[in-house]
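Engineer: My questions will all concern the structure given below.
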Ligand SMILES: [Zn+2]
């Protein structure tokens, strides 16, 4: 039996520096800027979202130890691209321009994002 392989890359419409709204999980409703995208895993690193706290063990260089914070990744299915006109996360459609270029448009207001 053939197993259908998922192809997340084809449907990946988000880009680095896009502003997204988180729609699920601990940071639901928050906005953030995309720092990094892992297309293979479908994970996105968003500024200020899903902070993970690391406790670093005391070492000789750092005898007290420390707590550092780092962004964790968020699944791409837990976010929507933010539309400034609609003031919320929206689904994205594609629209071809006269030059044949693809533009990402907001499916609600039709604006190019
Ligand atoms: Zn919109």
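In this note's numbering, the protein residues as written are 11 to 123. A virtual CB, placed ideally from N, CA and C, is assigned to each residue, including glycine. Predicted, not measured: the structure shown is a model, and the values here were computed from it.
1. Sorry if obvious, but does the Cβ on residue 121 come closer than 7 Å to a heavy atom of ligand 1?
2. Report the option in 36, 35, 111, 41 whose CA atom is closest to the CA atom of residue 28.
3. How about residue 30: is its Cβ closer than 7 Å to a heavy atom in ligand 1?
4. Contact defined as beta carbons within less than 8 Å: I believe residue 54 pairs with residue 100. What is the distance between those atoms, to the nearest angstrom?
5. Whose C-alpha, out of 39, 65, 22, 31, is nearest the C-alpha of residue 90?
6. Please return the same chain residues whose Cβ sits closer than 6 Å to the Cβ of residue 48, not counting the five positions on each side in sequence.
7. Would you report the Cα separation of residue 103 and residue 92, rounded to the nearest angstrom?
8. In three-state DSSP terms, what is residue 88?
9. What separation, rounded to the nearest whole angstrom, lies between the Cα atoms of residue 57 and residue 35?
10. Closest to residue 94 by CA distance: which of 79, 114, 110, 121 is it?
11. First and last residue of the beta strand (DSSP E) that includes residue 48?
Structural biologist: Working from what's here:
1. yes
2. 41
3. no
4. Actually they are not in contact, since the Cβ atoms of residue 54 and residue 100 sit about 16 Å apart, beyond 8 Å.
5. 31
6. none
7. 13 Å
8. Under the three-state reduction of DSSP output, residue 88 falls in the helix class.
9. Straight-line Cα distance between these residues: approximately 15 Å.
10. 121
11. 41-48
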